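Single-structure report; data block below.
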Amino acid sequence: MTKPPPQRVFRFAPSPNGFLHLGHAYSALLNFDMARRCGGRLLLRIEDIDQGRSRREYEAAIYEDMAWLGLVWEKPVRRQSEHFDDYAAALEKLDALGLLYACSCSRAEIAQATRARDDWLRDPDGAPLYPGTCREKSHEFAQGAPANRRLNMAKALACAGGAVRWREHGMGEEAREMRADPAQWGDVVLARKGIPASYHIAVVVDDALQGVTDVVRGTDLFHATSVHRLLQRLLDLPEPVYHHHHLALDAGGAKLAKRRGSKTLRMLREEGLSPTDVRRMLGLANEG
Ligand code: GLU
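Written out as structure tokens, the structure is:
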């Protein structure tokens, strides 16, 4: 008898630092529809590692908005703040491999050092590429003030031993083999002062812990996948497949984001829009 294929696991992973807008709805609905079509599971993960910006009222609003959209997800909800020990264990493992160093540089110092070097190199998010000031000084900071912890990218790439790739499925297209390019991020921060784990470390640990097989998220995180695949290789974690979807844009073509004051789902709801209208606006079929 042939074994049935393993059940696929999807996740929607919002950060509770504002109300959901159409961009979130698009991602959540895509995850939901894809999981439903293949008889998979849909997890909801509350990405609240940044405790300073996360609010319980936003978390409650996420549940309310998702239920209004007609989404159903698995309980209990996963919360990153319940996994700090797991992130610390992953960081310890990287540290034991000699891949982390302490860095006390402020953003202003990094900008200044980059200007002084006159290279203006930027990471894919547009931030100045870290010039490596603290790379060889880690011992000096070990006992001092709490510092950021960075990945020594050159060492990490050597340790990964060979090219890192991922399977990119996009929006239902034929799968493509992507070659990860984590070096474009330089020595990324994996833990910050006051925040015990960065998004990068938390997301790869969570996806592995929760058995996520399919990561469906916006193209704004496409380049971050290079770092995630490298960390999965270093930490010996399973490799999900990736579906990076295009971003829902506003009428002016700008990315919908809390920062720009885009309309939230609850505003649209108050204006009388229905979940069916939201699906139509997003170009998603209404599924019965
Ligand atoms: N928490 C991230 C966000 O709200 C999503 C992370 C992910 O899907 O990997 O943009």
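Remember, this note's numbering sits 1156 above the position in the sequence shown when you count from 1. Each residue gets a CB set at the ideal place from its N, CA and C atoms; glycine is no exception. The structure displayed is predicted, hence computed values, not measured ones.
For the set L1307, K1311 and A1216, the Cα lying nearest the Cα of V1345 is the one of L1307. The three-state secondary structure of V1320, taken from DSSP, is coil. Residues I1357, V1361 and L1391 of the same chain have their beta carbon placed closer than 7 Å to that of A1246, with the five preceding and five following residues left out of the count. L1365 has its alpha-carbon roughly 10 Å from the corresponding atom of V1359. In this structure, the C-beta of S1171 approaches the ligand GLU to less than 6 Å from one of its heavy atoms.
Shortest Cα-Cα distance from F1175 to any of A1331, Y1214, D1279 and G1195 involves Y1214.
Between R1201 and R1234, the C-beta gap is smaller than 7 Å, which places the two residues in contact. Ranked by Cα distance from A1269, the first of P1284, H1400 and L1255 is P1284.
L1386 is a Cβ neighbour of V1320, given a cutoff of 7 Å. Residue environment for R1332: exposed (fewer than 16 other C-beta atoms within 10 angstroms of its C-beta). Short note on E1203: C-beta closer than 6 Å to some heavy atom of the ligand GLU. Short note on V1359: C-beta closer than 6 Å to some heavy atom of the ligand GLU. Non-local C-beta neighbours of A1404 in its own chain, meaning closer than 7 Å and more than five positions away in sequence, comprise L1178, G1179, Y1182, L1412 and L1438, ordered along the chain. Distances from the alpha-carbon of Y1257 to those of T1289, R1305 and D1221 put R1305 closest. Per DSSP, the continuous alpha helix (DSSP H) segment holding V1434 begins and ends at P1431 to M1437.
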